[in-house]
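Take any residue in the sequence shown, count from 1 to its spot, add 1: that is its number in the working numbering.
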Amino acid sequence: MTLASQLLTWYYENARDLPWRQNNDAYKVWVSEIMLQQTRVEAVKNYYTRWMERFPTLDTLARSSEQEVLTYWQGLGYYSRARNLLLGVREVCARYDGKVPDNAAEILRLPGVGEYTAGAIASIAYNRPVPAVDGNVLRIFSRLFCIEDDITKQGTKRKIHGLIQNCMPKEQPGNFNQALMDLGSAICIPGHPRCSLCPLTKYCEAYAREVQDVLPVRPPRKQPLHVTLASGIVKNGESLLVRQRPSTGLLAKMWEFPSIELEKNSAPSAMLPALIKADLAQEIVLGQKLFHCIHTFSHRKWDITFFDCRWLDGGALPPFARWLPISEITSLPWAGPHLKAAAALFK
Ligand code: SF4
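And the structure:
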């Protein structure tokens, strides 16, 4: 038995029952793979189901507004994924008559689609023998072939890609890729793999040499940059002052309460009212702390405190800000920690 047939036999008996595996429609595979980037399977399940109720076809999504799409993505983070997905399906409508191309090279040219996603769509939806190599698969193959080079290096990735290509069966390449995903999530996990449950022990060099716990090799992770922010909850009657973030950069175009990054050891008491006055033409008095949270992105950590702000007076708001009725609080795509604050303070 080859490594591939051993893995497929295991997969047919142990495949996870996931909502996006009900059929191999290319649009559905695409959505699920984009949602699963940087996000756990359990967290994606409900988002995926809700998404497919609202955007059941590629065409429905392509005709939807970016704001609505972002609202349905809210909570998954990394919002550029949703924006690119929307651009991608619109491009498929414009250039491919609404049908996702059936080969990895063309899929790869769509916005937001990297090699992993192109391989996953091409293999699962169209049975093309293309590897879908993510961190899980790199880990599995670095152990199977006992690769002691840094797996974050392009050269190592290329080497592993070649090894996977050699192992990949012509029949059922999509199932082979999905089997690797399942093996990486349940058995060949980071740290201490569950080798006693693994169908591939007899092929695994790391297991034979008892070095599986120290593979793969990767450089130490950098700590995310710690950023302290103060944010104002400005209430005017039954409305809240909110603003939209710039159209590029972190959390682009998402909505938030007016906020400011604080210098080390500086107090928000002068800076936050001054910011709200300068940017939004509103006079406020800073009140007590209402809510605090820490929100970690890949490269930075926001330590953000929300303050009650008493509104005194103000002129017309700039185009990127508005008074949001509290009853409409769920209608906006919120920047992550601001959603936490809005949910905690105005359930
Ligand atoms: S034997 Fe252990 S280290 Fe090797 S592939 Fe299986 S789970 Fe991973």
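Virtual Cβ for every residue (Gly too), placed ideally from N, Cα, C.
Practice item. Would you tell me roughly how many angstroms separate the C-alpha atoms of S270 and L287, rounded to the nearest one? Key: Put simply, the backbone Cα of S270 is about 6 Å away from that of L287.
Practice item. Pull up the distance between the alpha-carbon of R301 and that of H227, whole angstroms please. Key: 6 Å
Review point. When DSSP labels each residue in this structure, what does G185 get in the three-state scheme?
Key: In the structure shown, G185 sits in a helix (DSSP, three-state: H, G or I).
Review point. At a cut-off of 7 Å, is P170 close to the ligand SF4 when judged by its beta-carbon and the heavy atoms of the ligand?
Key: Every heavy atom of the ligand SF4 is 7 Å or more from the Cβ of P170, so no.
Point to revise | Sequence-distant residues of the same chain with beta carbon closer than 6 Å to A126, five excluded per side | key: Apart from the 5 residues on each side of it in sequence, A126 sits with its Cβ closer than 6 Å to the Cβ of N25, A27, V30 in its chain, given in chain order.
**Study point:** Cβ-Cβ distance between A133 and S124 below 8 Å
**Key:** Yes.
Check your understanding: So is I295 buried or exposed if we call it buried at 16+ other beta carbons inside 10 Å?
Key -> exposed
Point to revise | Cα-Cα separation, L318 to K46 | key: 39 Å
Practice item. Give me the Cβ distance between D309 and L291, rounded to the nearest whole Å; I'm assuming they're in contact under 8 Å. Key: Your pair D309 and L291 checks out as a contact, with CB atoms roughly 5 Å apart and the cut at 8 Å.
**Study point:** Rounded separation between D183 and W11 - CA only
**Key:** Approximately 10 Å between the Cα atoms of the pair.
Practice item. With P326 as the anchor, note down where its beta strand (DSSP E) starts and where it stops. Key: 322–326
Review point. If you check the beta carbons only, do R246 and L252 fall under 8 Å apart?
Key: yes
Check your understanding: How would you call Y208, buried or exposed, if buried means at least 16 neighbouring beta carbons within 10 angstroms?
Key -> buried
Check your understanding: Is it right to say H193 is buried, meaning 16 or more other beta carbons lie within 10 angstroms of its own, or is it exposed?
Key -> exposed
Check your understanding: For Y12, is the beta carbon positioned less than 7 Å from some heavy atom of the ligand SF4?
Key -> no
Practice item. Return the first residue and the last residue of the alpha helix (DSSP H) that A83 is part of. Key: Boundaries of the alpha helix (DSSP H) harbouring A83: 81–97, taken from the DSSP string.
Point to revise | With 16 other Cβ atoms within 10 Å as the buried cut-off, status of A275 | key: Taking all protein chains in view, the Cβ of A275 is surrounded by fewer than 16 other Cβ atoms within 10 Å, so the residue is classified as exposed.
Practice item. Would you list the one or two residues that DSSP bridges to A231? Key: I261, T306
**Study point:** Segments of 4+ residues assigned as alpha helix (DSSP H) that fall wholly inside the region 188–245
**Key:** 206–210
Point to revise | Counted within 10 angstroms of its Cβ, other Cβ atoms place F177 as buried (16 or more) or exposed | key: buried
Review point. By DSSP, does G250 sit in helix, in strand, or in coil?
Key: coil
Review point. So H339 is in the alpha helix (DSSP H); what residue range does that whole segment cover?
Key: 337–346
Review point. Relative to the alpha-carbon of D280, which residue among A268, R84, H293, S260 has its alpha-carbon at the smallest distance?
Key: Minimum Cα-Cα distance from D280 among the listed residues A268, R84, H293, S260 corresponds to S260.
Check your understanding: Hey, D150 and V101 are a contact pair by Cβ (cut 8 Å); roughly how many whole angstroms apart?
Key -> So it is not a contact: roughly 35 Å between Cβ atoms.
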